[in-house]
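Its first residue numbered 181, the sequence shown is counted upward by one per residue in our numbering.
All residues carry an ideal CB built from backbone N, CA and C; glycine is no exception.
Structure first, then comments.
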Amino acid sequence: MFKLAYVSVATKTLSSVDLQNILESAITNNRESDVTGILLFNGTNFMQVIEGPQKAVEKVFDQICKDDRHRNVVVIYRERTAVREFDEAPMLLQIVPASHGDAPDGMTITKDIALFLPSSLAKHFRTILESFDTRRG
Ligand SMILES: Cc1cc2nc3c(=O)[nH]c(=O)nc-3n(C[C@H](O)[C@H](O)[C@H](O)COP(=O)(O)O)c2cc1C
Numbered sequence: 181m182f183k184l185a186y187v188s189v190a191t192k193t194l195s196s197v198d199l200q201n202i203l204e205s206a207i208t209n210n211r212e213s214d215v216t217g218i219l220l221f222n223g224t225n226f227m228q229v230i231e232g233p234q235k236a237v238e239k240v241f242d243q244i245c246k247d248d249r250h251r252n253v254v255v256i257y258r259e260r261t262a263v264r265e266f267d268e269a270p271m272l273l274q275i276v277p278a279s280h281g282d283a284p285d286g287m288t289i290t291k292d293i294a295l296f297l298p299s300s301l302a303k304h305f306r307t308i309l310e311s312f313d314t315r316r317g
């Protein structure tokens, strides 16, 4: 099992429809590729974790990198793991509070992203994901 996480910058203001489109292709493709994960969006930046067999994860990630709906993709975590931890969905989208700017129209903001993180997650990785919500604390 392999886990990869990155952050990136949305290239334009994304609507809830744009986000649904991203999510729909992610769910379809990831299900086929045995990939799961979580996608966080704060109105400006994405943080995404993708998990699955290493080859499948790298392939999905290559596709994601080519997507012009975001840029400046920076890998922040790349690690083998014994078991799959993000097993809830092929891709789970959560909107987190932004330090500035607005959340996409009509999208529910998740106040506590920790509720959506697997309890088995290593602390050094959990800290990165939780810190994406810059309004915490
Ligand atoms: C922030 C972001 C996250 C994405 N996550 C995934 C993903 O997890 N899996 C996936 O297949 N495509 C994901 N995509 C979409 C891909 O970049 C690409 O559009 C898609 O794989 C193309 O497949 P399709 O032609 O079947 O829609 C993501 C795109 C963006 C902008």
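message: Tell me the DSSP secondary structure of serine 188 in three-state form.
response: In the three-state reduction of the DSSP assignment, serine 188 falls in the strand class.
- prompt: Which word fits valine 197, buried or exposed, when buried means at least 16 other C-beta atoms lie within 10 angstroms of its C-beta?
  reply: Classification for valine 197: exposed.
field: Residue span of the alpha helix (DSSP H) that contains valine 215, given as start and end
entry: No alpha helix (DSSP H) holds valine 215; DSSP gives it neither H nor E.
query: Expressed to the nearest angstrom, what Euclidean distance is found between the alpha-carbon atoms of tyrosine 186 and threonine 288?
result: Taking the straight line from one Cα to the other gives about 23 Å.
- request: Indicate, with yes or no, if ligand 1 has a heavy atom lying under 7 Å from the CB of glycine 286.
  value: Not so, every heavy atom of ligand 1 lies at least 7 Å from the Cβ.
message: Tell me the residue span of the alpha helix (DSSP H) that contains isoleucine 308.
response: Where isoleucine 308 is concerned, the enclosing alpha helix (DSSP H) starts and stops at 303–310.
- prompt: In its own chain, which residues sit with a C-beta less than 8 Å from the C-beta of arginine 249, not counting the 5 before and 5 after it?
  reply: Only Ala190, Thr191, Lys192, Leu194, Asp198, Ile202 meet the Cβ criterion.
message: DSSP has lysine 246 in a bridge; who is on the other side?
response: In the DSSP assignment, lysine 246 is bridged to no other residue.
message: Given the structure, does aspartate 182 come close to ligand 1, in the sense that its CB is under 7 Å from one of the ligand's heavy atoms?
response: Per the sequence presented here, residue 182 reads as phenylalanine, with aspartate not at that position. Phenylalanine 182 has its Cβ no nearer than 7 Å to any heavy atom of ligand 1.
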